[in-house]
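What follows is one structure encoded as structure tokens, with my remarks underneath.
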Amino acid sequence: MKLLSKFCWLFVGVLFIFSGLIKINDPVGTAIKLEEYFEVFAEDIASFFHVFKPMALFLSIFLSALEIVLGVALLVRWKLKQVLVTLLLLTVFFSFLTFYSAYYNKVTDCGCFGDAIVLTPWQSFTKDIVLLVMIVVLLFTQRYLQPLTNFKTGASVVGVAAVLSVGIGWFAYEHLPFIDFRAYKVGNHIPSLMKPSAPLRYKYVMLKDGKELEFEEYPMDEQYKFKEMVAINPEDGPKITDFNVWNDEGDFTQEVLTGKKMLIVVQNVPKTNRERFADINKLVAAAEQEGITPLVLTSASRQEFEEFRHEVNLAAPYYFGDGTVLKTMIRSNPGIMLLQDGTVKGMWHYNDTPEIGEVQELLVK
1 MKLLSKFCWL FVGVLFIFSG LIKINDPVGT AIKLEEYFEV FAEDIASFFH VFKPMALFLS
61 IFLSALEIVL GVALLVRWKL KQVLVTLLLL TVFFSFLTFY SAYYNKVTDC GCFGDAIVLT
121 PWQSFTKDIV LLVMIVVLLF TQRYLQPLTN FKTGASVVGV AAVLSVGIGW FAYEHLPFID
181 FRAYKVGNHI PSLMKPSAPL RYKYVMLKDG KELEFEEYPM DEQYKFKEMV AINPEDGPKI
241 TDFNVWNDEG DFTQEVLTGK KMLIVVQNVP KTNRERFADI NKLVAAAEQE GITPLVLTSA
301 SRQEFEEFRH EVNLAAPYYF GDGTVLKTMI RSNPGIMLLQ DGTVKGMWHY NDTPEIGEVQ
361 ELLVK
């Protein structure tokens with residue numbers, strides 16, 4: 001029992017720290033996932049969940065930091081009983097979220113490990129149940145886990161973890177994630193990721209006499225009733241499936257993925273930071289002189305964006321894209337992306353708007 005207790009102690013502590021670090025590395029992405037949950041719960045359970053949407057960023061940093069702090073506190077065995085009870089309550093809460101997502105097929109990716117490790121809802125729920133069992137084991141075997149430090153030292157370690165966690169989250173919000181796990185990260189070739197890495201294979205799920213049966217070839221027997229077709233190798237499918245750029249004249253996706261392009265991404269006009277557009281406009285003008293085509297991608301309506309671009313004096317052609325895709329591309333509003341023949345050469349938060357010399361250095365002559 002002592003060995004089991006030590007294993008659960010180490011596993012749970014490390015997993016909570018890892019999970020928290022992954023999420024706090026990308027607080028905007030975590031906030032987007034929370035907003036998705038709040039939207040679903042507001043529609044399905046109670047409308048008051050809409051109240052939490054404006055708090056999504058705060059909750060993103062707070063909950064991610066809390067995971068890290070609780071993991072650190074568990075590892076140094078500081079205030080062990082209180083920490084274990086808090087972990088139990090937090091895991092019960094997460095278990096409800098993942099079960100609801102899995103059972104009702106509402107949120108197909110829980111965001112437990114951000115974009116680093118994508119789990120299906122049922123995988124996420126299974127993970128939470130395993131954690132629940134381990135935490136219960138720890139609650140009943142606390143006698144084997146004596147504190148590793150005195151109270152004051154433990155409190156200092158936990159306090160430092162809290163300050164660092166919040167600091168990391170806020171810095172990532174004011175700039176960009178330290179580690180980018182998304183398909184649009186610097187160095188990736190977008191056109192290649194829009195194609196499958198291998199031919200997709202499918203299996204057919206059929207019904208007969210109330211039972212489900214699976215076939216790799218469609219059965220000709222008319223007694224079988226078709227239910228669904230499921231990819232056998234979904235990991236070989238396209239990593240980017242919804243990147244499209246258009247305006248009233250048609251589709252411009254291939255145009256954007258050809259040549260040297262500087263994308264100014266404006267995800268949400270009302271929430272766009274306007275103070276940095278003096279620097280962005282200066283960069284846009286310099287890019288044009290150096291043969292780099294600047295263009296704007298937005299999910300706003302034409303009328304809304306026309307008013308906005310005159311307000312900030314943004315002199316660049318603009319195109320439209322899906323709002324979710326734009327949020328995925330860059331965690332900054334506005335954000336700047338540099339493409340060369342579809343390869344992401346650079347990416348900047350509006351707080352880090354580059355000089356034209358830095359942009360030129362990234363382009364292959």
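All the letters of the sequence shown, read from the start, carry residue numbers 1 to 365 under the UniProt record's numbering. No residue lacks a Cβ here, since even glycine has one placed at the ideal position from N, Cα and C.
(message) Residues in the same chain with beta-carbon distance under 7 Å from residue 178, minus the five sequence neighbours each way, listed in chain order, please.
(response) 25, 172
(message) Taking the beta carbon of residue 41 as the centre, do at least 16 other beta carbons fall within 10 Å, making it buried, or is it exposed?
(response) Buried, by the Cβ-count rule.
(request) On a CA-only basis, which of 249, 133, 303, 174 is nearest residue 352? Give me that one, please. (result) 174
(message) Can you look up residue 157 in the DSSP assignment and give me helix, strand or coil?
(response) helix
(request) Have a look at residue 266 and residue 313 and give me their C-alpha separation to the nearest angstrom. (result) 14 Å
(message) Please identify the residue among 47, 90, 126 whose C-alpha is closest to the C-alpha of residue 103.
(response) Looking only at 47, 90, 126, the smallest Cα-Cα distance to residue 103 is reached by 126.
(request) Confirm, please, whether the CB-CB distance from residue 154 to residue 71 is below 8 Å. (result) no
(message) Under DSSP, the beta strand (DSSP E) around residue 207 begins and ends at which residues?
(response) 202-208
(request) Please go through the UniProt domain "Methylamine utilisation protein MauE" (2-140) and give each complete alpha helix (DSSP H) segment of 4 or more residues, from N-terminal end onward. (result) 2-24, 27-44, 56-76, 80-104, 121-140
(message) Once the 5 residues before and after residue 147 are set aside, which same chain residues still bring their CB inside 8 Å of it?
(response) Around residue 147: 76, 77, 78, 80, 154.
(request) Answer yes or no: do residue 269 and residue 256 have a C-beta to C-beta separation smaller than 8 Å? (result) no
(request) Determine the DSSP secondary structure at residue 231, reduced to helix, strand or coil. (result) Residue 231: strand per DSSP, three-state reduction.
(message) Can you tell me whether residue 47 is buried or exposed? The criterion is at least 16 other CB atoms within 10 Å of its CB, across all chains shown.
(response) exposed
(message) Here's the rule: buried if 16 or more other CB atoms are within 10 angstroms of the residue's CB, otherwise exposed. What is residue 96?
(response) Exposed.
(message) Quick check on the DSSP output: the alpha helix (DSSP H) that includes residue 262 runs from which residue to which?
(response) Unbroken run through residue 262 is the beta strand (DSSP E), 260-266; no alpha helix (DSSP H).
(message) So, under 8 Å CB-CB, residue 316 and residue 356 are touching, yes? Tell me the CB distance rounded to an integer number of Å.
(response) Not confirmed; about 15 Å, so no contact.
(message) If you reduce the DSSP assignment to three classes, tell me which class residue 243 lands in.
(response) coil
(request) Look at the alpha carbon of residue 204 and the alpha carbon of residue 293, and state the distance between them as a whole number of angstroms. (result) 47 Å
(request) Indicate whether residue 242 and residue 181 have their beta-carbon atoms separated by less than 8 Å. (result) Cβ distance not < 8 Å, so residue 242 and residue 181 don't count as in contact.
(message) With H, G and I counted as helix, E and B as strand and the rest as coil, what does DSSP make of residue 221?
(response) coil
(message) Here's the rule I'm using: 16 or more other beta-carbon atoms within 10 Å means buried, otherwise exposed. How should residue 159 be labelled?
(response) exposed
(message) Suppose you measure from the CA of residue 55 to the CA of residue 27; what does that come to, to the nearest Å?
(response) Computed Cα separation, rounded: 12 Å.
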